[in-house]
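Number of protein chains: 2
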Amino acid sequence: MPTIKDVAREAGVSIATVSYVLNKKNNFVSEKTRQQVLEAIQRVGYTPNTTARNLKANQTRLIGYAWHKIPDYHHVNPMMDSFIYYLAQAAEASGYHLLTFTHPSGKPEPVYDEMIRSGRVDAFILAETIRDDGRIEFLRSIDYPFVCFGRSNPDWDFPWVDTDGQTGMREAVNYLVEMGHRRIAMAAWPEGSISGDFRTAGYVDGLVNAGLPVRAEYLVRGEHNEQTGREAVRYWLEMPSAERPTAIVAVSDIVAIGILNEIEERGMIPGRDLSVIGFDYTPLVQYLRPALTTIEQAIPETGQALMRMLEAVLNKDDSVPMQLLLPPQLIPRNSCGAPP
Amino acid sequence: MPTIKDVAREAGVSIATVSYVLNKKNNFVSEKTRQQVLEAIQRVGYTPNTTARNLKANQTRLIGYAWHKIPDYHHVNPMMDSFIYYLAQAAEASGYHLLTFTHPSGKPEPVYDEMIRSGRVDAFILAETIRDDGRIEFLRSIDYPFVCFGRSNPDWDFPWVDTDGQTGMREAVNYLVEMGHRRIAMAAWPEGSISGDFRTAGYVDGLVNAGLPVRAEYLVRGEHNEQTGREAVRYWLEMPSAERPTAIVAVSDIVAIGILNEIEERGMIPGRDLSVIGFDYTPLVQYLRPALTTIEQAIPETGQALMRMLEAVLNKDDSVPMQLLLPPQLIPRNSCGAPP
DNA sequence: TTGTAAGCGTTATCAC
DNA sequence: GTGATAACGCTTACAA
Numbered sequence: 294m295p296t297i298k299d300v301a302r303e304a305g306v307s308i309a310t311v312s313y314v315l316n317k318k319n320n321f322v323s324e325k326t327r328q329q330v331l332e333a334i335q336r337v338g339y340t341p342n343t344t345a346r347n348l349k350a351n352q353t354r355l356i357g358y359a360w361h362k363i364p365d366y367h368h369v370n371p372m373m374d375s376f377i378y379y380l381a382q383a384a385e386a387s388g389y390h391l392l393t394f395t396h397p398s399g400k401p402e403p404v405y406d407e408m409i410r411s412g413r414v415d416a417f418i419l420a421e422t423i424r425d426d427g428r429i430e431f432l433r434s435i436d437y438p439f440v441c442f443g444r445s446n447p448d449w450d451f452p453w454v455d456t457d458g459q460t461g462m463r464e465a466v467n468y469l470v471e472m473g474h475r476r477i478a479m480a481a482w483p484e485g486s487i488s489g490d491f492r493t494a495g496y497v498d499g500l501v502n503a504g505l506p507v508r509a510e511y512l513v514r515g516e517h518n519e520q521t522g523r524e525a526v527r528y529w530l531e532m533p534s535a536e537r538p539t540a541i542v543a544v545s546d547i548v549a550i551g552i553l554n555e556i557e558e559r560g561m562i563p564g565r566d567l568s569v570i571g572f573d574y575t576p577l578v579q580y581l582r583p584a585l586t587t588i589e590q591a592i593p594e595t596g597q598a599l600m601r602m603l604e605a606v607l608n609k610d611d612s613v614p615m616q617l618l619l620p621p622q623l624i625p626r627n628s629c630g631a632p633p
Numbered sequence: 294m295p296t297i298k299d300v301a302r303e304a305g306v307s308i309a310t311v312s313y314v315l316n317k318k319n320n321f322v323s324e325k326t327r328q329q330v331l332e333a334i335q336r337v338g339y340t341p342n343t344t345a346r347n348l349k350a351n352q353t354r355l356i357g358y359a360w361h362k363i364p365d366y367h368h369v370n371p372m373m374d375s376f377i378y379y380l381a382q383a384a385e386a387s388g389y390h391l392l393t394f395t396h397p398s399g400k401p402e403p404v405y406d407e408m409i410r411s412g413r414v415d416a417f418i419l420a421e422t423i424r425d426d427g428r429i430e431f432l433r434s435i436d437y438p439f440v441c442f443g444r445s446n447p448d449w450d451f452p453w454v455d456t457d458g459q460t461g462m463r464e465a466v467n468y469l470v471e472m473g474h475r476r477i478a479m480a481a482w483p484e485g486s487i488s489g490d491f492r493t494a495g496y497v498d499g500l501v502n503a504g505l506p507v508r509a510e511y512l513v514r515g516e517h518n519e520q521t522g523r524e525a526v527r528y529w530l531e532m533p534s535a536e537r538p539t540a541i542v543a544v545s546d547i548v549a550i551g552i553l554n555e556i557e558e559r560g561m562i563p564g565r566d567l568s569v570i571g572f573d574y575t576p577l578v579q580y581l582r583p584a585l586t587t588i589e590q591a592i593p594e595t596g597q598a599l600m601r602m603l604e605a606v607l608n609k610d611d612s613v614p615m616q617l618l619l620p621p622q623l624i625p626r627n628s629c630g631a632p633p
């Protein structure tokens, strides 16, 4: 690879001059010299070496992004995977690249620490944040630049972008209410997860807004899998038919799929006998029969917002708000209808 | 961040000595000095700066991986997304990280060129290779290190790992034959795609092996979407029932989903009236009713094999075979049964 | 066994 | 306007 020296020799100038024309500001280089240098750069096919630049500037223009551990390879979270694609695009638009890394499930902080100490990256983007997130605690404690996709402890002040799951769920309930439903249930995650709790809160908000009672037996909780949806349906179908919910909102698409499956196996028709709404806009759920009504997160916008925020953090620009809630969007399909 | 100088000062030795103990080989450093240095490293919390190391060594220990353009964010290919996760893991095991980048759909080569010229990466991993792949042509022409997930032109000599779709499909047909099927159809992609053509060839192999006729009307081609599966079923259902296929292999899960959906909408039961096999092991297809029998690619192994191969390329180690076909695995679920 | 110093490819300060 | 040159943090001949 040609270096700045080759260009200097070719143009008959010093390497300093080449560097001047490259880093346009201070353009006190004479037009004639500038042209010579530019032509020489063309001729030798020169591109400045990033590593050398980085060493000088003490930066990498690399942003660390950790892959979240997945137990089994078909259990990927499709939403997160499309997120990182848009994140990569947004990063490039700002002259950064994503450097991906993995870490053992229990202890991520040492890996982040190592990335920092070795000067591998300039900042991090964290996804799938949790309550008391050790990564956030750690990065805050050493004042290292980062932004998060997802919230954490409410009393922690740090930059994040998140989907407004509470509003999303409230609107889902509202959508069902307007269709005529009065007995609306929710299949939720166990208490304690941030986004799960916001979604559950939105469900309650929706009921309250509509003047509907909040009934404990209409809220069933379980893990993030198909089984949870199935068990919830079994539970509700045991209720006398006048008590039974006529519509169900699920905390996630995978839970909604379990609901759909159990409903059908009980000989009922989802969307007619029982309406169902998912959450996540997972690929393929559009091809279920009935196609699943779901709530779509603003994934491309999230990536862009995160990068905007991260640049503000890196440039110590405090004109950019450091918390951003992005409204999701209800995607009506065929799994909802008027109550029977 | 502490530098090697800080350690040297702390330990009362020269920076060269620190460097010697760091780069263990040539361990002619006295045990006493070594201990002093090690302790100093601990005390000041030193980790060598990667950028400086890289500048010296003229490397980055970064592998470029381009995200393939996706038209719409729910059209991600889940298989590819889990692939890159395993790839990242394998890379780290070899001391590399993945540097991701994107490129405009038409012209990837200039972006690869730029990454090389600016010294951003040491090598590339290409995925979703095609016939006459310009990236392969380009990287071969400048003799830059890379490995591919996927084959390309048969007369090109370059390192690749690929799923043996031909064998996979042959075994799928064989599986159906053993269940008693004699009229087996395939919903394929248009001729010209590499993996599509191998899968189609495997279908034909399977028929021939079983002594079954290869009937043109049993092979329907269409794009990679749900509609293709639906149209294929409509076509076959117009045949007189004694002629109709009793089983269908699909070139991909999404096509298989279309098949499943159309079958059900015609009032038939997949797995009983008509057996169906997909290809890709897409997440969620296990939750379809019936759960889709599909062919699983060896994704983790592919990532590992690619990294092994890439290291061989980088170290000019020619003991490692530069072409590797990995057998996929049939995952029996409920979408197949004996012919009616 | 350890230290000195050159050099990796830049940028930027200082002379001229 | 332009050119030496130091410096970024490290590795490694070579000298001691």
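Respectively, the protein sequence lines represent chains A and B. The numbering of the first sequence is the working numbering, which starts it at 294 and goes up by one. The numbering of the second sequence is the working numbering, which starts it at 294 and goes up by one. Backbone N, C-alpha and C fix where the C-beta goes; we use that ideal spot for every residue, glycine too.
So is M532 (chain A) in contact with chain B if we call contact Cβ pairs under 8 Å? No - not a single Cβ of chain B is within 8 Å of the one on M532 (chain A).
Per-residue DSSP class, three states only, for T296 (chain B): Residue state, collapsed to three classes: coil.
At the 8 Å Cβ level, is Y267 (chain B) part of the contact set with chain A, yes or no? Here chain B comprises residues numbered 294 to 633, so residue 267 (chain B) is not present and cannot be evaluated.
If we ignore side chains and look at the alpha-carbon of each, how far apart do A494 (chain A) and P401 (chain A) end up? Going from the Cα of A494 (chain A) to the Cα of P401 (chain A) covers about 30 Å.
Between which two residues does the alpha helix (DSSP H) containing R444 (chain A) stretch? Taken as a continuous stretch (DSSP letters only), R444 (chain A) belongs to no alpha helix (DSSP H), as it is neither H nor E.
Taking Cβ-Cβ distances shorter than 7 Å, what residues in chain B pair up with P341 (chain A)? Counting only Cβ-Cβ distances below 7 Å, P341 (chain A) has contacts in chain B at S411, in chain order.
Where do the N-terminal and C-terminal ends of the alpha helix (DSSP H) with Q459 (chain B) fall, by residue? Membership of Q459 (chain B) in the alpha helix (DSSP H) is indicated by the continuous run G458 to E471.
Given a limit of 9 Å on CB to CB distance, which residues of the segment 517-550 of chain B reach chain A? Within the segment 517-550 of chain B, contact with chain A at the beta-carbon level (separation under 9 Å) is assigned to E519, D546, I547 and I550.
For L577 (chain A), would you say it is in contact with chain B, using Cβ-to-Cβ distances shorter than 8 Å as the test? Cβ-Cβ to chain B under 8 Å: yes for L577 (chain A).
With DSSP as the reference, label W529 (chain A) as helix, strand or coil. Reduced to three states, the DSSP call for W529 (chain A) is helix.
Using beta carbons (cut-off 8 Å, strictly below), is A304 (chain A) in contact with chain B? Not an interface residue.
Please confirm if the segment 395-413 of chain A is in contact with the segment 371-386 of chain A, defined as three or more CB-CB distances below 8 Å between the two stretches. Short answer: they don't touch.
With DSSP run on the structure shown, which of helix, strand or coil describes D406 (chain B)? Helix at D406 (chain B).
Mind the definition here: the segment 340-352 of chain A touches the segment 336-351 of chain B only if three or more C-beta pairs lie below 8 Å; say whether that holds. Yes, the segment 340-352 of chain A touches the segment 336-351 of chain B.
To the nearest whole angstrom, what separates the beta carbons of G461 (chain A) and P621 (chain A), a pair I think is in contact under 8 Å? The C-beta distance from G461 (chain A) to P621 (chain A) rounds to 4 Å, short enough to meet the 8 Å contact threshold.
For R433 (chain B), name the three-state secondary structure that DSSP assigns. Reduced to three states, the DSSP call for R433 (chain B) is helix.
Just to make sure I have the definition right: I need the residues of chain A whose C-beta is within less than 7 Å of the C-beta of L348 (chain B). Which are they? Neighbours of L348 (chain B) in chain A, taken as residues whose beta carbon is under 7 Å from its own, are T344, A345 and L348 in chain order.
Using alpha carbons as the reference points, say which of A:A481, A:L469 and A:I308 lies closest to G458 (chain A). The candidate whose alpha carbon is nearest that of G458 (chain A) is A:A481.
Keeping to the same chain, check which residues put their C-beta closer than 7 Å to that of Y468 (chain A); ignore five residues upstream and five downstream. Excluding positions up to five away in sequence, the list reads L623.
Through-space distance from P341 (chain B) to G497 (chain B), alpha-carbon basis: It should be noted that the sequence gives Val, not Gly, for residue 497 (chain B). Taking the straight line from one Cα to the other gives about 57 Å.
Report yes if the CB atom of P563 (chain A) is closer than 8 Å to the CB atom of I556 (chain A), and no otherwise. Their beta carbons are under 8 Å apart, which means P563 (chain A) touches I556 (chain A) by this criterion.
Between the Cα of P452 (chain B) and those of B:S568, B:K298, B:A333 and B:L607, spot the shortest distance and give me the residue it belongs to. When only C-alpha atoms are compared, the closest one is B:L607.
Between A:S534, A:P538 and A:A503, which has its C-alpha nearest L512 (chain A)'s C-alpha? Looking at A:S534, A:P538 and A:A503, the one whose alpha-carbon comes closest to that of L512 (chain A) is A:P538.
Can you pull the chain A residues whose beta carbon is under 9 Å from the beta carbon of A381 (chain B), in chain order? Going along chain A in sequence order, the residues near A381 (chain B) (Cβ under 9 Å) are W360, T393, F394 and T395.
In the DSSP assignment, find the beta strand (DSSP E) that holds G338 (chain A) and state where it starts and stops. For G338 (chain A), there is no enclosing beta strand (DSSP E), as DSSP marks it with neither H nor E.
Taking the straight line between their C-alpha atoms, what separation do you get for L617 (chain B) and R424 (chain B)? The C-alpha of L617 (chain B) lies about 18 Å from the C-alpha of R424 (chain B).
Segments assigned beta strand (DSSP E), at least 3 residues, entirely inside the segment 576-632 of chain A: Taken in chain order, the complete beta strand (DSSP E) segments of 3 residues or longer contained in the segment 576-632 of chain A are 587-589, 616-619 and 622-624.
Once DSSP output is grouped into helix, strand and coil, what is the label at F394 (chain A)? In the structure shown, the three-state DSSP call for F394 (chain A) is strand.
Beta-ladder partner(s) of G420 (chain B), from DSSP: Reading off the sequence shown, one finds Ala at residue 420 (chain B), where the question assumed Gly. Per DSSP, the beta-bridge partners of A420 (chain B) are B:F442.
Would G630 (chain A) and S534 (chain A) qualify as a contact pair, given that the criterion is a beta-carbon distance under 8 Å? Cβ distance not < 8 Å, so G630 (chain A) and S534 (chain A) don't count as in contact.
Given a cut-off of 8 Å, decide if T353 (chain A) and D455 (chain A) are closer than it, judged by their beta-carbon atoms. Contact flag unset, no.
Distance CB(S628 (chain A))-CB(L585 (chain A)) smaller than 8 Å: Inclusion of S628 (chain A) and L585 (chain A) in the CB contact set at 8 Å is warranted, their separation being smaller than that value.
Assigned secondary structure, S312 (chain A) (DSSP; H/G/I helix, E/B strand, else coil): Here S312 (chain A) sits in helix by DSSP.
Under a CB-based cut-off of 8 Å, is N554 (chain A) close to chain B? Yes, because at least one Cβ of chain B sits closer than 8 Å to the Cβ of N554 (chain A).
If I'm right that G596 (chain A) touches Q382 (chain A) with Cβ under 8 Å, what's the distance once you round it to whole angstroms? Sure, about 7 Å apart at Cβ, within 8 Å.
Please compile the residues from chain A whose C-beta is within a distance smaller than 9 Å of the C-beta of S353 (chain B). The displayed chain sequence assigns Thr, not Ser, to residue 353 (chain B). Against T353 (chain B), the close residues of chain A are T343 and T344, in the order they occur along the chain (beta-carbon pairs closer than 9 Å).
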